[in-house]
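A.B. asks:
Protein chains in written order, with our numbering: chain A, 33 to 332; chain B, 16 to 312.
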């Protein structure tokens, strides 16, 4: 393999050279074929992955007659969407979900900025213990404590309120650790310079740390809003009225209000109404979403 | 001099604790207090017949572990984990290998693999219910081409778990893929270059470089996947209600059922304690490697 190509014997032993050339070409063809096969297979997986969504979209857009009949056609209609939107309080559900995810995010941003700064830049008594205590929330998430949190909420008299749905998520250990990591990378000299100029600690936090770590805030916001948008079990238990139900609970109730079989078009349309915003945002800001969820991998 | 020092220290400590206080209050109310309350309640009888909790020691736990339904649900959950975790991880790894390097269709596959993660579990359940539903469902129609007429995957105890496992793999694989994407980007490029110079084959590169160097990611993803297998239960409301004959019921769903349908608070608490212990054990595996966390950045 290491002989130089223009070695004298190469010219003399032609058959050998030809064979090695053919071998090389075969090798190349084989590897290219494998690469093509690999690409093809992974594309097929991609198409397979899209099928469930396409199926729902197809069902939601087809007139009822077209679904039942076995004759192929390209007919389509928006009727199901209009019917669903007018027939069930989805507009109200939308407002509720927006209020809940927005409210949670707003409070979280405040609590986590303060706590992250303490963990990143201050030395204080009990830091290690507190750090471990905060970790507990990541290990045992609120999803699991629904049953006991229900009782806490009851003691506060906050059952069936939007505030009640939001309450358990106001502190986010995940967000604190994410932001703490980012704060640690802010050059300390900036803070020192600001101190010399007479800035207060909170002023420094607001004018130096927050702007410099904005991408992390965006990442956290994406993960947090997606989480609230998808949350189901907790709001299901807490809410009992149209005024407070988020989209997920509304969708579940809507889907179950039908007898099986006949109303697939409506359920599909309702499902699309619920998933559309996140999917559209994901389509538009794919990179941002993927990198945000990558951050969610730090888990503290 | 020393008083000034003490004063400074006091001020610094007070400031730090003040910053942490808001978070601590919420964590206390909705994490620590509920956990303690659950542990306490699990040692008491508290149901419709006994509105005021009566101390009964470990009776709830004994009844629970002897209860056939609990055993069934717990075994289900373990099968659910065995079914979803290795497959979705392997798939995620392969997806990442492709999505990382693909020349053509990179944007397409990234979208196609990841978008299920953006769909709420409840909506996923609606979508897949309509795939699995007899007669009108996508699978039933597909099967009818081959002369198979009536199949009800969700209505049969032998097939329901498999059907749900496939659904969860579809939802989760793309989510795990992005961690592998991050992991792959952290592998030094010169390792691959020198392997190429030495003429090392694709499989050897995979076995000797890629798989070992993404091991921390694999460990992390494994724990997230295991945790999810116990946390994700929303789909059961829409698809099966835990049936038929508890064949698809999972631990968290059973807790909900016990506490909110049968109002057996003590038992619900005991099962929640089992769940908490399980999650603590799982995540402590991860936090042993606490210092290696930065490799996702």
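C-beta atoms are modelled at their ideal positions from N, C-alpha and C, and glycine is treated no differently.
Residues in its own chain within less than 8 Å of residue 88 of chain A by CB, not counting five upstream and five downstream?
C.D. replies: Excluding residues within five positions, the ones whose Cβ falls inside 8 Å are 300, 303, 304.
A.B. asks: In terms of residue numbering, what span does the alpha helix (DSSP H) encompassing residue 324 of chain A cover?
C.D. replies: Taken as a continuous stretch (DSSP letters only), the alpha helix (DSSP H) holding residue 324 of chain A covers 318-327.
A.B. asks: Grab the span of the alpha helix (DSSP H) containing residue 146 of chain A for me, first residue to last.
C.D. replies: Where residue 146 of chain A is concerned, the enclosing alpha helix (DSSP H) stretches over 122-153.
A.B. asks: Ordered along the chain, which non-local residues of its own chain (more than five positions away) have a Cβ less than 6 Å from that of residue 285 of chain B?
C.D. replies: Same-chain partners within the cutoff: 57, 75, 76, 79.
A.B. asks: What span of residues does the alpha helix (DSSP H) with residue 115 of chain B cover, start to end?
C.D. replies: Looking at the DSSP string, the run of the alpha helix (DSSP H) that includes residue 115 of chain B is 83-116.
A.B. asks: At which residues does the alpha helix (DSSP H) containing residue 141 of chain B begin and terminate?
C.D. replies: Its alpha helix (DSSP H) spans residues 136-147.
A.B. asks: What residue range is occupied by the uninterrupted alpha helix (DSSP H) comprising residue 171 of chain B?
C.D. replies: Residue 171 of chain B -> no alpha helix (DSSP H), and no H or E assigned at all.
A.B. asks: Which residues in the same chain have their Cβ closer than 7 Å to the Cβ of residue 191 of chain B, if we skip the five residues on either side of it in sequence?
C.D. replies: Cβ neighbours of residue 191 of chain B beyond the five flanking positions: 103, 104, 107, 236, 240.
A.B. asks: Go ahead and label residue 86 of chain B buried or exposed: buried means 16 or more other beta carbons lie within 10 angstroms of its beta carbon, across all protein chains shown.
C.D. replies: So residue 86 of chain B ends up on the exposed side.
A.B. asks: Give a yes or no on whether 8 Å exceeds the smallest Cβ distance from residue 221 of chain B to chain A.
C.D. replies: Not an interface residue.
A.B. asks: Compare the C-beta of residue 136 of chain B with all C-beta atoms of chain A and state if any pair is closer than 8 Å.
C.D. replies: Closer than 8 Å: yes.
A.B. asks: Tell me the DSSP bridge mates of residue 307 of chain A?
C.D. replies: DSSP lists no partner for residue 307 of chain A.
A.B. asks: Over the uninterrupted alpha helix (DSSP H) stretch that includes residue 254 of chain B, give me the two end residues.
C.D. replies: Note, residue 254 of chain B: alpha helix (DSSP H), 249-254.
A.B. asks: How is the alpha helix (DSSP H) around residue 267 of chain A delimited, first residue to last?
C.D. replies: Here the alpha helix (DSSP H) through residue 267 of chain A covers 265-270.
A.B. asks: Could you pull the start and end residues of the alpha helix (DSSP H) that residue 262 of chain A belongs to?
C.D. replies: Looking at the DSSP string, the run of the alpha helix (DSSP H) that includes residue 262 of chain A is 246-262.
A.B. asks: Which residues in the same chain have their Cβ closer than 8 Å to the Cβ of residue 265 of chain A, if we skip the five residues on either side of it in sequence?
C.D. replies: So the list reads 175, 178, once near-sequence residues are dropped.
A.B. asks: Rank B/249, B/273, B/89, B/252 by C-alpha distance to the C-alpha of residue 293 of chain B and give the top, closest one.
C.D. replies: Out of B/249, B/273, B/89, B/252, B/89 has the C-alpha closest to the C-alpha of residue 293 of chain B.
A.B. asks: Quick check on residue 70 of chain B: does DSSP put it in helix, strand or coil?
C.D. replies: Three-state DSSP puts residue 70 of chain B in a strand.
A.B. asks: Should residue 171 of chain B be labelled buried (16 or more other beta-carbon atoms within 10 Å of its own) or exposed?
C.D. replies: The residue is exposed, with fewer than 16 neighbouring Cβ atoms inside 10 Å.
A.B. asks: Can you tell me the Cα-Cα spacing of residue 306 of chain B and residue 231 of chain B, whole angstroms?
C.D. replies: Confidence at residue 306 of chain B is low in this model, with a pLDDT of 44, below 50, so the placement of that residue is unreliable and no value is reported for it.
A.B. asks: Strictly below 8 Å CB to CB, what residues from chain A border residue 103 of chain B?
C.D. replies: The contacting residues do not exist; residue 103 of chain B stays about 12 Å from chain A at best.
A.B. asks: Flag residue 119 of chain B as yes if its beta-carbon sits less than 8 Å from any beta-carbon of chain A, otherwise no.
C.D. replies: It does: the Cβ of residue 119 of chain B has a partner Cβ on chain A nearer than 8 Å.
A.B. asks: Any C-beta of chain A within less than 8 Å: which residues of the region 263-279 of chain B qualify?
C.D. replies: Those residues of the region 263-279 of chain B that come within reach of chain A (Cβ to Cβ, closer than 8 Å) are 267, 270, 271, 274, 275.
A.B. asks: Given a cut-off of 8 Å, decide if residue 254 of chain A and residue 324 of chain A are closer than it, judged by their beta-carbon atoms.
C.D. replies: Yes. Within cutoff.
A.B. asks: Compute the beta-carbon to beta-carbon distance between residue 130 of chain B and residue 311 of chain A, rounded to the nearest angstrom, for a pair I have assumed lies under 8 Å.
C.D. replies: Correct: roughly 6 Å between the Cβ atoms.
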